[in-house]
Amino acid sequence: MPDPHSIVVKGGRVVDASGEREADVVVVDGRIAAVGADLSADRTLDAAGCFVAPGLVDLHSHLREPGKEEAETVETGARGAALGGYTAILAMPNTTPAIDCEAVVRQVLDLGRAAPCDVLTSGAITVGRAGEQLAPMAEMAALGVRVFTDDGAGVQDNLLMRRAMEYAVGLGVILAQHCEDDALCGGGHMHEGEWSARLGIPGQPAEAEELMVMRDIALARLTGCRIHFQHLSTARSVAMVRDALAAGLPVTAEATPHHLTLTDAACASYDPVFKVNPPLRTPADVEAVRAGLADGTIATIATDHAPHAPETKELPFDLAPPGMLGLETALALALTELDLSVQQVLAALSWNPARILGIDDVHGAVAEGRPANLCVIDPEHTWTVSGAAMASRSTNTPYEGREVRGKVRHTVLHGEPVVVAGEAQR
Amino acid sequence: MSPLLGRHLLGVEDLDGREGIEAVMRLTDSFVEVSERAIPKVPALRGKTVAWLFYEDSTRTRLSFETAAKRLSADTMNFSVSSSSVKKGESLRDTARTIEAMGIDAIVVRHSSAGAPHRISGWVDAAVVNAGDGWHQHPTQALLDAYTIRQHLGSVEGHHIAIIGDIKHSRVARSDVAAFTTLGARVTLVAPPTLLPPSLEGWPVTVSHDLDAVLPTVDVAYLLRMQRERMTEALVPSLREYTATFGLTRRRAELLSPDALVMHPGPMNRGVEIAAEVADLPCSLILDQVRNGVAVRMAVLYLLLGAGADLVPPALDRTQEPEAVRA
């Protein structure tokens, strides 16, 4: 007899790091009770024609709370994440106030407790993300913060970054860097090159990113600190990380869906929905980032989900804030646009980021006894991206109107179906 | 066929290539003639309303457009936008749609941000004219420059034009390069590398850093304004050094061939990019540019608001009575 509160995810093809097989998955009390053929339970979630994957994990979500609740909240961001197949997301600290001390960490974690997705938070490396003084990292680490970053800005000062990395070693935490040299960016608003020259938009050179990647690789060698490179966007950044990995340095890297699929030519519309930091680059850079993802140099696709209220994007390109939505489109774009197997796509979206974040005991696998964090993906479902249809409070998707393939049918969070048949349950 | 590809003039590429630019210049001939009349006014755009949406100070361009509109008997209104309202985050879309709701037929936009007129054109039904957007384009300036060259040299085609100075930050340079090369001129950009765009991929120009070598070969020396803040950005060490290397000094003007022309979009920094006495030489066309600017802008407004597909201006008949000319 099935357990009265049990759920079976039925008729799908289970895929995780151990491989693929046709199997049903039974969930009881928040955990995976069985994976096998012809299972039954009290409630059935239909997975016919679908992949049954571990829930996705995003290392880079801007949830805007506290401070910019008109653009997003922890709740709306997490709902979008659940609809996108995510069961865990890492909040970025560039809120107002910044997530740079125990009090704000607690606030975000408290808000996340009721969310339809596990919400973890990063902490700032420096007080107020101002790049001048180390934030109380131990105090935040004691609350479970595992990743520190000043994201939105890179730590500009070489010595301060060295100290942060040394200090992080003692805490066993990771530093994540938004690599951009502010001085060299010099007020740029898009990639500096042929398009910026033609459009008359001030540019920022690829070298502004590359200099900081180069510096942080050097500092990783010096300090032994684990460093995670956020949103790599240039061919030479990817090459440097590839060499650092070959040299055995403790580095990891992510790439965003947009740096894998869009180029700076999109800025010719002058629509700031295409404005993002680091900026959209050249076709050659996109190819290199794709190659880096394919060969494992880049371990994960992270969304850099960055909601902005619509009126802030109704400005000229240089006056609008950078950033684009990502949580509800990342999976479909990866399946549609990238020449990767489902296994590779899910590695980049699920078990690799779970491992980087140190939550691979909770997320990132479909196996008996583990917490039931699952996403059920219909790979043949085609749909049209619409910002207005998203759970986000904002609509700034650069993929508006694009037809994509692959949609999340169900998401199960610690045994609870939070998305069923493509609909958020709470 | 309209010389315009669409219903806006946002950049030189909105004109239908060489044919389009030449058609605008022929139309400009008619309006030059109008401007020379005792009563330089025609009823071509009577009942039409043109609004100025200037986010950036510009006395000369606004006056030029305003004169053009009034000579066509259009009504005009000025929506002056302080830069502070932009900093407050006022939506460009809201502003543009507010103006349009007042029943405007054309919006002439000047903005310090590249692409602002482009964005506005997507939100309104009115015709949008770019009167200069950031570093991007200033298409009516390019048309009046091309017209002035044609007026003095007979054509733009086949002539060698040097554009000298701060190309990187210049909307005039971007529009002029497009217009001059489309019309068949050879264009050389002369500037230190710090004042050139980061890429010239796809620009049909040659580049020189040696003004003395270029000047004897040109038919037109087109000077750009050198702004003082470029020094604080470490783009040039000092204005003195800039003038010494890239200024059209009295001595350097002697390198020009006797028939060569000197142009400048204004406002000039006398003593910086151009010596005072050079600006006043007979070969200097700076005031001709201003004069032609009015006629060119009449042609542009007429095309966008009056002519439709009909290029022969039917409404250029003289207004009989001064009373009938009330604007």
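As given, the protein sequences belong to chains A and B, one line each in that order.
Residue 382 in my numbering sits at position 345 of the first sequence, with consecutive numbering throughout.
Residue 265 in my numbering sits at position 161 of the second sequence, with consecutive numbering throughout.
Glycine included, every Cβ here is placed at the ideal spot set by N, Cα and C.
| tyrosine 406(B) in three-state terms, based on DSSP | Mapped onto the second sequence, residue 406(B) falls at position 302. Note: tyrosine 406(B) maps to helix in three-state DSSP.
| How long is the line joining the alpha carbons of arginine 344(B) and asparagine 373(B), rounded to whole angstroms? | By one-based count along the second sequence, residue 344(B) stands at place 240. By one-based count along the second sequence, residue 373(B) stands at place 269. Arginine 344(B) and asparagine 373(B): Cα-Cα distance of roughly 13 Å.
| field | Proximity to valine 146(B) [Cα-Cα], best of Arg164(B), Thr165(B), Arg175(B) | value | Start at 1 with the first residue of the second sequence, and residue 146(B) comes out as number 42. Ranking the options by Cα distance to valine 146(B), first place goes to Arg175(B).
| said: According to DSSP, is aspartate 137(A) part of a helix, a strand, or is it coil? | reply: As a first step, residue 137(A) must be located in the first sequence, where it is residue number 100. DSSP places aspartate 137(A) in coil when its eight states are reduced to three.
| task | Taking serine 306(A) as the reference, give the member of Leu282(A), Val326(A), Ala328(A), Phe354(A) with the closest Cα. | result | Here residue 306(A) refers to the residue found at position 269 when the first sequence is read from its first residue. Looking at the Cα atoms, Phe354(A) is the closest of the given residues.
| request: Spell out whether any CB of chain B is found under 9 Å from the CB atom of valine 455(A). | output: Translated into positions along the first sequence, residue 455(A) becomes position 418. So, not an interface residue.
| Skipping 5 residues on each side, what residues in its chain have a beta carbon closer than 8 Å to that of glycine 238(B)? | The sequence position of residue 238(B) within the second sequence is 134, counting from 1. So the qualifying residues of the chain are His215, Ser216, Ser217, Ala218, Gly219, Ala220, Arg275.
| request: Taking only beta carbons into account, state which residues of the region 221-250 of chain B come closer than 8 Å to chain A, listed in chain order. | output: His222, Arg223, Asp237, Gly238, Trp239, His240, Gln241
| task | Might you give, ordered along the chain, the residues of its own chain that have their beta carbon closer than 7 Å to the beta carbon of alanine 403(B), omitting 5 neighbours on each side? | result | The residue given as residue 403(B) occupies position 299 in the second sequence. So the qualifying residues of the chain are Val128, Leu131, Thr132, Phe135.
| Contact residues within the region 352-364 of chain A, judged by C-beta distance below 7 Å to chain B | Leu352, Pro353, Phe354, Asp355, Leu356
| message | According to DSSP, glutamine 466(B) sits in a beta bridge with which residue or residues? | response | Since the first residue of chain B shown is 105 and the last is 431, residue 466(B) is not available in this structure.
| query | Among residues of its own chain, excluding the 5 on either side of threonine 292(B), which ones have a beta-carbon nearer than 6 Å to its beta-carbon? | reply | Counted from its first residue, the second sequence places residue 292(B) at position 188. Within the same chain, threonine 292(B) has close Cβ partners Ala266, Thr310, Ser312, Val318.
| task | State the CB to CB distance for the pair alanine 289(B) and glutamate 261(B), rounded to an integer number of angstroms; the pair is presumed to be in contact (CB under 8 Å). | result | Within the second sequence, numbered from 1, the residue matching residue 289(B) stands at position 185. Within the second sequence, numbered from 1, the residue matching residue 261(B) stands at position 157. Indeed, because the Cβ distance is near 7 Å, the residues count as touching under 8 Å.
| said: Check whether the region 97-114 of chain A and the region 61-77 of chain A touch, using three or more Cβ-Cβ pairs below 8 Å as the test. | reply: no
| said: Measuring CB atoms only, is the region 329-347 of chain A touching the region 356-366 of chain A, in the sense that at least three cross pairs come out at less than 8 Å? | reply: yes
| said: Please report whether the beta-carbon of tyrosine 307(A) lies at a distance below 9 Å from any beta-carbon of chain B. | reply: Walking along the first sequence from the start, residue 307(A) turns up at place 270. Output row for tyrosine 307(A): interface = yes.
| What residues of chain B sit near leucine 299(A), judged by a beta carbon separation below 9 Å? | Numbered from its first residue, the first sequence carries residue 299(A) at position 262. Neighbours of leucine 299(A) on chain B: none; closest Cβ ~17 Å, over 9 Å.
| said: Which residues does DSSP list as the beta-bridge partners of glutamate 217(A)? | reply: Reading the first sequence from its first residue, position 180 is the one you call residue 217(A). DSSP lists no partner for glutamate 217(A).
| For chain A, is any of its Cβ atoms less than 9 Å away from the one on arginine 275(B)? | Locating residue 275(B) in the second sequence gives position 171, where the first residue counts as 1. Yes, its Cβ sits closer than 9 Å to a Cβ of chain A.
| query | Which word fits asparagine 396(B), buried or exposed, when buried means at least 16 other C-beta atoms lie within 10 angstroms of its C-beta? | reply | Here residue 396(B) is taken as the residue at index 292 of the second sequence, counted from 1. Answer is buried; the Cβ neighbour count reaches 16.
| Backbone secondary structure at proline 320(A) - three-state DSSP | As a first step, residue 320(A) must be located in the first sequence, where it is residue number 283. Residue state, collapsed to three classes: helix.
| field | Neighbour list for histidine 215(B) in chain A, Cβ cutoff strictly below 7 Å | value | For the purposes of this step, residue 215(B) is taken as residue 111 along the second sequence, with counting starting at 1. The answer, in chain order, is Pro353.
| field | Three-state secondary structure (DSSP) of arginine 150(B) | value | Counted from its first residue, the second sequence places residue 150(B) at position 46. In this structure, arginine 150(B) counts as coil in the three-state DSSP scheme.
| query | Which residue spans inside the region 171-248 of chain A form an unbroken beta strand (DSSP E) run of at least 3? | reply | 211-214
| message | So that I know if they touch, is there some Cβ in chain B lying closer than 9 Å to that of serine 431(A)? | response | To locate residue 431(A), count along the first sequence from 1; it is residue 394. Not an interface residue.
| request: State whether the region 413-424 of chain A contacts the region 432-443 of chain A, with contact taken as three or more CB pairs (one from each stretch) at a distance under 8 Å. | output: yes
| Is serine 43(A) buried or exposed, if buried means 16 or more other CB atoms sit within 10 Å of its CB? | Here residue 43(A) refers to the residue found at position 6 when the first sequence is read from its first residue. By the neighbour-count rule (16 or more Cβ atoms within 10 Å), serine 43(A) is buried.
| So, are the CB atoms of valine 45(A) and serine 77(A) less than 9 Å apart? | Counted from its first residue, the first sequence places residue 45(A) at position 8. Counted from its first residue, the first sequence places residue 77(A) at position 40. Yes, they are a contact pair.
| Whose C-beta lies closer than 6 Å to the C-beta of lysine 152(B) among residues of the same chain, with five residues either side of it excluded? | As a working mapping, residue 152(B) is identified with position 48 in the second sequence. These residues qualify, in order along the chain: Ala178, Asp209, Leu409.
| The alpha helix (DSSP H) enclosing histidine 296(A), as first and last residue numbers | By one-based count along the first sequence, residue 296(A) stands at place 259. First-last of the alpha helix (DSSP H) with histidine 296(A): 294-298.
| said: For valine 232(B), which residues in the same chain have their Cβ closer than 7 Å to its Cβ, ignoring the five residues on either side in sequence? | reply: Taking the second sequence and counting its residues from 1, the one referred to as residue 232(B) is at position 128. The answer, listed in chain order, is His112, Leu114, Ile211, Val213, Pro221, Ile224, Ser225.
| query | For the beta strand (DSSP E) that serine 312(B) lies in, which residues bound it at each end? | reply | Numbered from its first residue, the second sequence carries residue 312(B) at position 208. 310-312 is the extent of the beta strand (DSSP E) around serine 312(B).
| said: Could you check whether the Cβ of tryptophan 388(A) sits closer than 8 Å to any heavy atom belonging to the ligand PLP? | reply: Within the structure as shown, the ligand PLP is missing, as the structure has no ligands at all.
| said: Taking 9 Å as the threshold (beta carbon to beta carbon), is alanine 234(A) in contact with chain B? | reply: Residue 234(A) sits at position 197 when you count from the first residue of the first sequence. Answer yes: the Cβ-Cβ gap between alanine 234(A) and chain B drops below 9 Å somewhere.
| When the cut-off is 9 Å and only beta carbons count, does leucine 299(B) lie next to chain A? | If you number the second sequence from 1, residue 299(B) lands on position 195. False, the Cβ-Cβ gap to chain A never drops below 9 Å.
| query | Taking C-alpha atoms, which residue in Ala246(B), Met330(B), Leu157(B), Leu257(B) lies nearest to isoleucine 271(B)? | reply | For the purposes of this step, residue 271(B) is taken as residue 167 along the second sequence, with counting starting at 1. With distances taken between Cα atoms, isoleucine 271(B) lies closest to Met330(B).
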